[in-house]
Amino acid sequence: MPYMETQELQKLKNKYDIIGNDPLLNRALETAVKFAPTDLTVLVTGESGVGKENISRIIHQYSGRRSGKFFAVNCGAIPEGTINSELFGHVRGAFTGAVETRAGYFEEADGGTLFLDEIAELPMPSQALLLRVLQSGEYMKVGSTKVEHTDVRVVAATNVDLAYAVAQGRFREDLYYRLAAAQIRMPALRDRKDDIYLLFRKFTSDFSERYGMCKISLTHSAIELLKSYRWPGNIRQLMNVTQAVTALESQKITPVSGRIEIDAATLSLYMPKEEGTVPVRFTSQGEQDSISYSEKQAIYKAIFDLKQEVDSLRQEIRSAPEGHVRALPARQEPAPMSPEWQDSDPEEQVQEPQEGVTGGALRKTEDELIRKVLEKHGGNRKEAARELGVSERTIYRKLPDEFKTKKK
Numbered sequence: 224m225p226y227m228e229t230q231e232l233q234k235l236k237n238k239y240d241i242i243g244n245d246p247l248l249n250r251a252l253e254t255a256v257k258f259a260p261t262d263l264t265v266l267v268t269g270e271s272g273v274g275k276e277n278i279s280r281i282i283h284q285y286s287g288r289r290s291g292k293f294f295a296v297n298c299g300a301i302p303e304g305t306i307n308s309e310l311f312g313h314v315r316g317a318f319t320g321a322v323e324t325r326a327g328y329f330e331e332a333d334g335g336t337l338f339l340d341e342i343a344e345l346p347m348p349s350q351a352l353l354l355r356v357l358q359s360g361e362y363m364k365v366g367s368t369k370v371e372h373t374d375v376r377v378v379a380a381t382n383v384d385l386a387y388a389v390a391q392g393r394f395r396e397d398l399y400y401r402l403a404a405a406q407i408r409m410p411a412l413r414d415r416k417d418d419i420y421l422l423f424r425k426f427t428s429d430f431s432e433r434y435g436m437c438k439i440s441l442t443h444s445a446i447e448l449l450k451s452y453r454w455p456g457n458i459r460q461l462m463n464v465t466q467a468v469t470a471l472e473s474q475k476i477t478p479v480s481g482r483i484e485i486d487a488a489t490l491s492l493y494m495p496k497e498e499g500t501v502p503v504r505f506t507s508q509g510e511q512d513s514i515s516y517s518e519k520q521a522i523y524k525a526i527f528d529l530k531q532e533v534d535s536l537r538q539e540i541r542s543a544p545e546g547h548v549r550a551l552p553a554r555q556e557p558a559p560m561s562p563e564w565q566d567s568d569p570e571e572q573v574q575e576p577q578e579g580v581t582g583g584a585l586r587k588t589e590d591e592l593i594r595k596v597l598e599k600h601g602g603n604r605k606e607a608a609r610e611l612g613v614s615e616r617t618i619y620r621k622l623p624d625e626f627k628t629k630k631k
């Protein structure tokens, strides 16, 4: 049952220049309008390039805060050393270069809405500060001991599976549950196939009008080619391809010129040739991939279960009286704990036996995951690390032998 009448929904799309009639898109827009009058913190999920910021602006404009300020902050674009200052402000002398007291976004947006994009990129200490301000409206400027108060509606967005980030230890579980209560999922472009050509027509029309060129149309076979591609870069990628096609295949408008139609053979010259080389971090069950969604989740679960067993055994060893510890298999050399979350905490880097059921199975499962992701990316360690959400150094340290001679 739709929340909005068709005419009202179309008016909303026109206002925010949103193209498409897909039910998943309509549902996301209707849910945004439903959440807007409340003060709920909203989490917008979806891959890069699907238009998550539009949702935050709709929530702001349909809320009681529409007369207040709206700020969009990309958490992934701010250096870790300055993120707290950007969000919460700082006082004079708080750090080198802090020559005056400065307000942060939470102070500037008081009474309005703050859109925090790429929320998964926030460092753990900043996540704790964000949780506090979401719960109580309280924060402190960097270098200050004075508690400040703010009344800000937060809309967060991510292209990362936050549940997986929590399991990895890269995102606070309490903050995740705070954000995940009210979610809006923006569909990937490949899940809106009937909207693809509508968007193509919009982009070529806008580009043609801007530069005084003839509009481009596609033959039926070209439309099918356009729709068959998976568009890992989503709407942004489609717009870039459309503009390239229009710029090179169109011509300046003359008294006798008309619309230019191109076929599948011509369009194929502009379509990306290496599908899947752009990593998609937010996956869905319907996504076609060399590693299926269910297979990847099963491997992740095995790693996490085994890690819990290791942690439980370590705790038993630490708490047991001397002489009452279960015997462990003998080892020759200490083996580093895995995976990546053990790197930063010295206390957690207690070595476990490389041999034996728990340690050996964990390493074997981890090696299999890394091998499959490396094969998917042709041995490219940087791309593999990005997909797995770990550092390139970790990939290199755990590199299977067959990939050690390949280039990055």
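Here the numbering used here is used: position 15 in the sequence shown is 238, and no number is missing along the way.
C-beta atoms are modelled at their ideal positions from N, C-alpha and C, and glycine is treated no differently.
What did DSSP end up calling residue i once you bin it into helix, strand or coil?
i: Ser-450; result: For the record, residue 450 in the displayed sequence is Lys; it is not Ser. Helix, per DSSP.
i: Leu-611; result: helix
i: Leu-441; result: strand
i: Arg-280; result: helix
i: Asn-244; result: coil
i: Lys-257; result: helix
i: Gln-474; result: coil
i: Leu-266; result: strand
i: Thr-336; result: strand
i: Glu-371; result: strand
i: Ile-485; result: strand
i: Ala-386; result: helix
i: Val-273; result: coil
i: Thr-324; result: coil
i: Glu-303; result: coil
i: Met-436; result: strand
i: Phe-293; result: strand
i: Gly-361; result: It is Glu, not Gly, that sits at residue 361 in the sequence shown. DSSP places Glu-361 in strand when its eight states are reduced to three.
i: Ala-467; result: helix
i: Thr-319; result: coil
i: Val-356; result: helix
i: Val-596; result: helix
i: Ala-343; result: helix
i: Ala-405; result: coil
i: Ala-380; result: strand
On the premise that residue j lies in contact with residue i, defined as a C-beta separation below 8 Å, what is that separation, rounded to the nearest angstrom?
i: Ile-306; j: Leu-345; result: 7 Å
i: Arg-395; j: Thr-336; result: Between Thr-336 and Arg-395 the Cβ distance is about 22 Å, and since that is not below 8 Å, they are no contact.
i: Ala-196; j: Ile-282; result: Any question about residue 196 goes unanswered here, given that the chain covers just 224 to 631.
Going by beta carbon distance, what residues of the same chain come within less than 8 Å of residue i, once the five residues before and after it are set aside?
i: Gln-230; result: none
Within 10 angstroms of its Cβ, does residue i collect 16 or more other Cβ (buried), or is it exposed?
i: Phe-338; result: buried
i: Thr-319; result: exposed
i: Ser-308; result: buried
i: Asp-374; result: exposed
i: Asp-240; result: exposed
i: Glu-556; result: Note on Glu-556: pLDDT 42, under 50, position unreliable in the model; the coordinate value appears next. It is exposed - the Cβ of Glu-556 has fewer than 16 other Cβ atoms within 10 Å.
i: Asp-340; result: buried
i: Thr-427; result: buried
i: Ser-480; result: exposed
Excluding the 5 residues preceding and the 5 following residue i in the sequence, name in chain order all residues of the same chain whose CB lies nearer than 6 Å to its CB.
i: Val-314; result: Thr-324, Lys-364, Gly-366, Ser-367
i: Asp-566; result: Per-residue confidence for Asp-566 stands at a pLDDT of 40, beneath the threshold of 50, marking its modelled position as unreliable; the derived number appears in the next sentence. None.
i: Val-256; result: Tyr-285
Leaving out five residues on either side along the sequence, give the residues of the same chain with a beta carbon under 7 Å from the beta carbon of residue i.
i: Ile-278; result: Ala-251, Ala-255, Val-267, Ile-407, Met-409
| said: For the pair the stretch 400 to 419 and the stretch 462 to 475, tell me if three or more CB-CB distances fall below 8 Å. | reply: No: the two stretches stay apart, fewer than three of their Cβ pairs being nearer than 8 Å.
| Would the stretch 349 to 365 and the stretch 248 to 262 be scored as touching if the rule is three or more Cβ pairs under 8 Å? | No, the stretch 349 to 365 does not touch the stretch 248 to 262.
| request: Please confirm if the stretch 292 to 312 is in contact with the stretch 326 to 333, defined as three or more CB-CB distances below 8 Å between the two stretches. | output: With the cut-off at 8 Å, the stretch 292 to 312 and the stretch 326 to 333 touch.
| So, do the stretch 377 to 385 and the stretch 265 to 283 have three or more beta carbon pairs nearer to each other than 8 Å? | Output reads yes: the stretch 265 to 283 touches the stretch 377 to 385.
| request: Kindly confirm or deny that the stretch 469 to 485 and the stretch 450 to 457 touch, where touching means at least three C-beta pairs closer than 8 Å. | output: Contact between the stretch 469 to 485 and the stretch 450 to 457 is absent, because fewer than three Cβ pairs lie under 8 Å.
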